[in-house]
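Counted from 1, the sequence shown has number 135 at position 135 by the UniProt record's numbering; the numbering is strictly sequential. Following: one structure in structure tokens, then a few remarks.
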Amino acid sequence: MAVLGNHDYGDYVTWTSPDAKKKNLDTLIEYEKQAGFDMLRNENRVIERNGEKLYILGVENWGLKPFPQFGKIDDALKGVPESAPKILMSHDPTHFDYVVKKHPGNIHLTLSGHTHGMQFGLDLKNIKWSPVQYRYPKWADLYESEGKMLYVNRGFGVLGYPGRVGVLPEITLFELS
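Next comes the structure, spelled out in structure tokens:
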């Protein structure tokens with residue numbers, strides 16, 4: 001499963017027409033599908049194992065301005081029992097503080113990315129620092145607030161500068177039991 005991030009919408013490119021921009025997004029989503037990903041756009045899927053259900057919610061990007069705010073948690077929660085365990089995929093971690101943790105939907109864990117750890121910083125035994133923390137206080141690792149959890153992955157891609165200094169690429173594996 002996957003969700004869209006701010007760059008996926010093509011807002012940082014000059015398009016020949018709105019139709020060209022839409023076609024680009026549709027093509028991206030089709031490529032993701034061909035790669036085996038199920039793009040969640042303000043919707044949910046259920047994973048069932050041994051009679052137990054886990055709901056995976058996915059919202060479109062929601063970030064602080066100037067980033068788009070397309071994410072709609074209420075749409076993603078349609079048909080999900082209130083007491084069911086839920087994991088939300090939301091690209092931008094600011095969505096957690098401004099919307100998710102205050103939402104009555106009882107979302108247990110939110111998975112985000114977006115920051116890339118700014119591709120620069122220190123990640124030592126007792127020191128975790130990156131200049132990105134001044135814009136995104138929750139920029140990497142696991143956070144808890146008001147009984148809800150947020151995990152921010154630093155990713156493995158790059159933006160702008162084609163490398164990383166002190167902030168290694170990251171792929172996170174969660175083992176659920």
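All residues carry an ideal CB built from backbone N, CA and C; glycine is no exception.
| said: Could you tell me the alpha carbon to alpha carbon distance between Ser83 and Leu64, rounded to whole angstroms? | reply: Taking the straight line joining both Cα atoms gives about 29 Å.
Close-in-space but distant-in-sequence residues of the same chain around Tyr55 (CB under 6 Å, 5 per side omitted):
Within the same chain, Tyr55 has close Cβ partners Asn44, Val46, Val80, Ala84 and Lys86.
Determine, using beta carbons only, whether Arg154 and Leu168 come nearer to each other than 9 Å.
Yes.
- Item | Where the alpha helix (DSSP H) containing Tyr31 begins and where it ends | Pro18 to Gln34 is the span of the alpha helix (DSSP H), which, as asked, contains Tyr31.
Exposed or buried, residue 227, counting other C-beta atoms within 10 Å across all chains shown (16 or more means buried)? A question about residue 227 goes unanswered here, because the residues of the chain that appear run from 1 up to 177.
- Message: By the three-class DSSP mapping on this structure, what secondary structure does Val132 have?
- Response: Residue state, collapsed to three classes: helix.
Item to complete: Hey, could you find the ends of the beta strand (DSSP E) Thr110 is sitting in?
Response: For Thr110, the enclosing beta strand (DSSP E) has its first and last residue at Leu109 to Ser112.
Notebook entry, point to check: By DSSP, does Asn44 sit in helix, in strand, or in coil?
Noted result: Note: Asn44 maps to strand in three-state DSSP.
Open item on the list: Between which two residues does the beta strand (DSSP E) holding Asp141 run?
Closed with: First-last of the beta strand (DSSP E) with Asp141: Asp141 to Ser145.
Open item on the list: Short of 8 Å in beta carbon distance, which residues of its chain neighbour Ala76, apart from the five on each side in sequence? Order them along the chain.
Closed with: Around Ala76: Leu40, Asn42, Glu43, Asn44, Leu57, Gly58, Val59 and Leu88.
Inset, instruction - Give me the Cβ distance between Thr110 and Ser90, rounded to the nearest whole Å; I'm assuming they're in contact under 8 Å. - result: Under the criterion of beta carbons closer than 8 Å, Thr110 and Ser90 qualify as touching, at roughly 6 Å.
Review point. What's the C-alpha gap between Thr27 and Asp92?
Key: Rounded to whole angstroms, Thr27 to Asp92 spans 22 Å at the Cα level.
message: Please tell me whether Val70 and Leu4 are closer than 9 Å, where the distance is taken between their beta carbons.
response: Sequence check: residue 70 is Phe here, not Val. Between Phe70 and Leu4, the gap from beta carbon to beta carbon is short of 9 Å.
State the start and end residues of the unbroken beta strand (DSSP E) segment that holds Tyr151. Looking at the DSSP string, the run of the beta strand (DSSP E) that includes Tyr151 is Lys148 to Val152.
Item checked: Lys101 (DSSP reduced to helix, strand or coil) -> In the three-state reduction of the DSSP assignment, Lys101 falls in the helix class.
- request: Output yes or no for whether 9 Å exceeds the beta carbon distance between Gly166 and Phe96.
  value: It is not a contact, given that the beta carbons lie outside the stated cut-off.
Point to revise | Buried/exposed call for Thr14, threshold 16 Cβ in 10 Å | key: By the Cβ-count criterion, Thr14 is exposed, with fewer than 16 other Cβ atoms from all chains shown falling within 10 Å of its own Cβ.
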